Every structure is written in C-alpha cells, then in structure tokens.
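Asks: Take the sequence shown: its letters are residues 842 to 1281, numbered as in the working numbering. If you scroll down you'll find the structure; I have some questions about it.
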Amino acid sequence: MKSSIRRRSPTITGSLLFILLTTSNAAVTGLPTKSPASDAQKPQAASLDQTELAKLDEPVVAPNLDLKQVAPLPLPSHSAEPLAEDADPADTVQQATTETAPNQSADEDKLIILGSEIAPGTATRLAWSTDGNIAGLTTPTPVLVIRGMKPGKTMCMTAAVHGDELNGIEIVRRVMYDIDPEDLTGNIIGIPIVNLQGFQRGSRYLSDRRDLNRFFPGESNGSLASRIAHSLFNEVIVHCDFLIDMHTGSLRRTNMPQLRADMRNEEVAELTEGFGKIAVIHSVGSPGMLRYAAVANGIPAATLEVGESLRIQDDQIETGVSSVNRLLEREGMYSRLFTWGDPEPVYYKSSWIRAERGGILFSQREVGDMIEVDDVLGAITDPITNETSNILATITGRIIGMAVDQFVMPGYGCYHIGIEASEEVLADVESTAGTESDVE
Ligand SMILES: [Zn+2]
842 MKSSIRRRSP TITGSLLFIL LTTSNAAVTG LPTKSPASDA QKPQAASLDQ TELAKLDEPV
902 VAPNLDLKQV APLPLPSHSA EPLAEDADPA DTVQQATTET APNQSADEDK LIILGSEIAP
962 GTATRLAWST DGNIAGLTTP TPVLVIRGMK PGKTMCMTAA VHGDELNGIE IVRRVMYDID
1022 PEDLTGNIIG IPIVNLQGFQ RGSRYLSDRR DLNRFFPGES NGSLASRIAH SLFNEVIVHC
1082 DFLIDMHTGS LRRTNMPQLR ADMRNEEVAE LTEGFGKIAV IHSVGSPGML RYAAVANGIP
1142 AATLEVGESL RIQDDQIETG VSSVNRLLER EGMYSRLFTW GDPEPVYYKS SWIRAERGGI
1202 LFSQREVGDM IEVDDVLGAI TDPITNETSN ILATITGRII GMAVDQFVMP GYGCYHIGIE
1262 ASEEVLADVE STAGTESDVE
C-alpha cells in the first residue's frame, strides 16, 4: 500500500544535478556516501549528505485547514507518473536512491499523497489532475484528506464517479466536515466529485461518453477513461485500507440506501457489518468497476447506493452519513455515541420485475416496501388506447430499487427486489454481473 509518489522539489536546479550524480551512485551500490577524503575534494555544495539531499526531494507539508471554514480553491497539484519516459537521467538516479535508501523507517509513518505530506492531527484540501486533459484547461479535482493524531487505517470515500449522481457528494461533505482531526485515529480521504467532466454537464459519463466505472484500475496508455482511472487508482486509491464508492440509481430509477458488496469475500463481508442498519445486497460486481478493482488489489470495498441521480435527497443522504459514521466507530477510528439498531438483513439474491407493456408507469408502492407474490406494484397506462394493466409481484421480497414514474417500454426493469435467501445461495449465484442490478 505504500506507494507514495514523490514530487521533485522545484529547488532542485541544474546546479545540483552534479551533486545527485556524484553522490547517489554510491548510495545505489550500498557504499558509504561520506568519507572525509572525498568531501575535501568536492566543491562546498557537494558536502550535502544524503539526509540533506533527501530533504530536497521531500514533499511539501500540506497546510492544516479547518474543513468547516469556507475556503479558497486548492491549487493545482501536478500528478504525473513517477518517471516519465523523457525523465532526466539525473532524476532517475535520485528516484532510485530514494527507493533503495536504507533509512526508510522514518518515512513509513508519513502520509504522502499527491506530493503533499499531511501532518498528524491536520486536515487539508489537495488537488488531483490527470495528464489526459488539455494542459491549460485542466480542472484539478479536489481531494480532502484528514490525518488523525493517532496512526490507524485509511478510509477512502469516492463520489460522483458517475457525474450525475449527487447524493454521495453531500455524504462525503457531511462526514468529512464533521471530523475533528485531533480525535481521529487513522486517516480519511474523500473525493467528493471524481468525474468532474460529467458533473459539469449533469452527465453520468466522461466527455468521451465512456462510463468511468468500467475502466478501473485503468492503464497509463489506454483510452482517456482508462488513463483517468489509472491515475486516480495509483495516486489515491492505493493509499486506502478500505473504500466506499457512492452511487445512486441510474436511468431514472431510485435505490433504497443499500450496500453492494461481494459477500463471498470475507474481508468485504466483514466491512459491510460495520455500517449498521443498512441493507446489503450481495453483488460480485464486474471488471472495470472501482470497487471490483479495489477488492482485486486487496482493498476491501463496497458501493453505497443512495437514492436517485440528479437529485439531492436529504433523508437518503442522512442514512448514508450515519452508516459511514457507524463504520468509523466500528473501525475504531472516530467515536460518537451511537445507539446501534438491529442490523438489516443481507439480500443474497435479487431479481427484477419488468414492464410487460409500454406506457406511463404509475407506482403504487415505494422503495423499501415488503411485497408478496401477486401484490399490485403499479400500473401502466397506454396513453393512446387508454388501456391500463397492473404490474403484479412475481416474487416475495423487498423493493430495494425502482423506477420513478415515467414512460416505459416493454422489458424495462421497474422494480428491483431483494430476496432474503440463505447464505448458501452464494455458491449458486456466482455473479449478477450483466443485469441491471449491477448498474453502479
Ligand atoms: Zn453510479
């Protein structure tokens, strides 16, 4: 997990390249870097020892901010691959020196993200940007970081990977701006709006019309979406010990607040227990999703689905916020005095009830309702023939997601039903990938 990418300090100027070349070779080969004889022969500047040289390469300590205060925008922070192909050979040596230096232990406690070091007991705003944009038009994406006084786990929250899914943005804000770094154990990283491009256009997609949540962990030389995914994954996500990726229903559907998680994975299943009273839907996910890529890289992750796209829904947001706060308490990171409600059941299976006819859908049930076979869920009226037909429940379970009232075509998934099957179905239900239940 330690993959802090170091940014070279601008103070390394040409005059220092000589020093880097002459001293770092020794470090790479493990030879002592300082002997009185060789020092005497060097120009004065060359008497800088490895410690001092390392300082030149140290990340800038991020300013401590009170996240509750209204703040100016963060400055763009360059985020490049650690070594570009055209990197200066002197820099290459310096990089190698840093990585092979024996005195790494002091660095291990440091939290270095996007080239900034975050001091214990502080909070700050950083900015992440990819190289995939027109340089002069790049809009840096804000990244909020809180480092607790005591070391511990790092929780990451990502929202608006789909630019039109707004509830998660507010969940990240409410959770993070209510944390006192002095009382926090571990770290919290929050990216309120991952897909700024989509957000600015009110769209789920990136500007190249790709779905970012199908490209993780990405490739540095892939498509725009793949590059953005790669950059985010390697600059930020690798720092996480666990991840919550926030989404809403898509295509004019709303979701009851729920976790989507691969319950076959022990660590993931354990993570979901910490959220308290919120429904859990077993879903393996599919390759390309952020949570799927995180889990594949050893970072337990779950998707928090809350409400409907393009809306800010206060009640749903509050449910999400208290779930995340419960998780922080459960992980021993931040304590508030909670009364723990009874846990919601895990829905190991889910299924869709679809429209058989086209027309205007008027629902008679709400998200969260328990339903039984043959219950009337809603009706579809053909606006031309005036014919109305009821949609009947074909299974017993709970409405965990549903379409908002709208025009629908035959085959449209109207109601997503969670089924309380026993844990044994996990073996049978290998994956729900490819169905609408996995649109996240
Ligand atoms: Zn989504």
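Just so it is clear, CB atoms sit at the ideal spot from N, CA and C, and this is done for glycine as well. Predicted model, so just to flag it, every value in this text is computed and none were measured.
1. Nearest by alpha-carbon distance to R1050: which of G1039, S957, I1260 is it?
2. So, helix, strand or coil for S1061, using DSSP?
3. Could you check whether the stretch 1006-1018 touches the stretch 1142-1161, counting it as contact only if at least three pairs of C-beta atoms, one from each stretch, sit closer than 8 Å?
4. Quick one: Cα of K991 to Cα of L908, how far?
5. I'd like the list of long-range same chain contacts for A1110, defined as Cβ closer than 6 Å, with 5 residues on each side in sequence excluded.
6. If we count the other Cβ atoms within 10 Å of its Cβ and call it buried at 16 or more, is Q910 buried or exposed?
7. Start and end of the beta strand (DSSP E) containing T963?
8. Can we count E1149 as close to ligand 1, meaning its CB is less than 6 Å from some heavy atom?
9. Counting along the chain, where does the alpha helix (DSSP H) carrying F1040 start and finish?
10. Tell me, which residues are paired with D1019 by DSSP?
11. Helix, strand or coil, according to DSSP, for L1047 in the structure here?
12. Would you report the Cα separation of L1037 and I1010, rounded to the nearest angstrom?
13. Going by C-alpha distance, which of P1186, N1106, G1219, A1234 is nearest S1263?
14. State the Cα-Cα distance for the pair Y1188 and L906, rounded to the nearest angstrom.
15. Provide the residue(s) that pair with Y1175 in DSSP beta bridges, ordered along the chain.
16. Which class does D1086 belong to by DSSP, given the choice of helix, strand or coil?
17. Would you call the stretch 1055-1071 and the stretch 1084-1092 in contact, with 3 or more CB pairs under 8 Å?
18. Do N1028 and L952 come within 7 Å of each other at the CB atom, strictly closer than that value?
19. Hey, how far is the Cα of P1022 from the Cα of Y1133?
20. Considering only the beta carbon of each residue, do I1240 and Y1256 sit closer than 7 Å?
21. Take every Cβ of the stretch 992-999, pair it with every Cβ of the stretch 1069-1083, and state whether three or more of those distances are shorter than 8 Å.
22. Based on DSSP bridge pairs, tell me the residues matched to E958.
23. Would you mind reading off the limits of the alpha helix (DSSP H) that contains E1107?
24. Using a threshold of 6 Å, is the CB atom of D1011 nearer than that to any non-hydrogen atom of ligand 1?
25. I want to check one thing, is the minimum distance from the CB of H1088 to the heavy atoms of ligand 1 below 6 Å?
Replies: In terms of the structure at hand:
1. Reading the sequence shown from its first residue, position 209 is the one you call residue 1050. It is G1039.
2. Looking up residue 1061 in the sequence shown gives position 220. Of the three classes helix, strand and coil, the one that applies to S1061 here is coil, per DSSP.
3. yes
4. Here residue 991 refers to the residue found at position 150 when the sequence shown is read from its first residue. Here residue 908 refers to the residue found at position 67 when the sequence shown is read from its first residue. Rounded to the nearest angstrom, the two C-alpha atoms are 19 Å apart.
5. What you label residue 1110 is simply residue 269 of the sequence shown in a count that begins at 1. Excluding sequence neighbours, A1110 sits near M1104.
6. Residue mapping note: residue 910 aligns to position 69 of the sequence shown, counting from 1. Under this definition Q910 is an exposed residue.
7. To locate residue 963, count along the sequence shown from 1; it is residue 122. That run of the beta strand (DSSP E) goes 963-969.
8. Start at 1 with the first residue of the sequence shown, and residue 1149 comes out as number 308. Outside the cutoff, so no.
9. Here residue 1040 corresponds to residue number 199 of the sequence shown, with the count starting at 1. 1037-1042 is the extent of the alpha helix (DSSP H) around F1040.
10. For this step, residue 1019 is matched to residue 178 along the sequence shown. According to DSSP, D1019 bridges with nothing at all.
11. Position 206 of the sequence shown, counted from the first residue, corresponds to residue 1047. Residue state, collapsed to three classes: coil.
12. On the sequence shown, position 196 is the one that residue 1037 refers to. On the sequence shown, position 169 is the one that residue 1010 refers to. About 11 Å.
13. Here residue 1263 refers to the residue found at position 422 when the sequence shown is read from its first residue. The residue with the shortest Cα to Cα distance from S1263 is P1186.
14. Taking the first residue of the sequence shown as 1, we reach residue 1188 at position 347. Taking the first residue of the sequence shown as 1, we reach residue 906 at position 65. Straight-line Cα distance between these residues: approximately 41 Å.
15. Numbered from its first residue, the sequence shown carries residue 1175 at position 334. Note: Y1175 sits in no beta bridge, so no partner.
16. Here residue 1086 refers to the residue found at position 245 when the sequence shown is read from its first residue. It is a strand residue.
17. no
18. By 1-based counting over the sequence shown, the position of residue 952 is 111. By 1-based counting over the sequence shown, the position of residue 1028 is 187. For L952 and N1028, yes; Cβs fall inside 7 Å.
19. Against the sequence shown, residue 1022 aligns to sequence position 181. Against the sequence shown, residue 1133 aligns to sequence position 292. For P1022 and Y1133, the distance between alpha carbons rounds to 30 Å.
20. Here residue 1240 refers to the residue found at position 399 when the sequence shown is read from its first residue. Here residue 1256 refers to the residue found at position 415 when the sequence shown is read from its first residue. Cβ atoms of I1240 and Y1256: closer than 7 Å.
21. yes
22. Translated into positions along the sequence shown, residue 958 becomes position 117. Looking at the DSSP assignment, E958 forms a beta bridge with V902, I953.
23. One-based indexing of the sequence shown puts residue 1107 at position 266. Its alpha helix (DSSP H) spans residues 1107-1114.
24. As a first step, residue 1011 must be located in the sequence shown, where it is residue number 170. The question names Asp, but residue 1011 in the sequence shown is Glu. Every heavy atom of ligand 1 is 6 Å or more from the Cβ of E1011, so no.
25. Walking along the sequence shown from the start, residue 1088 turns up at place 247. For ligand 1, at least one heavy atom lies less than 6 Å from the Cβ of H1088.
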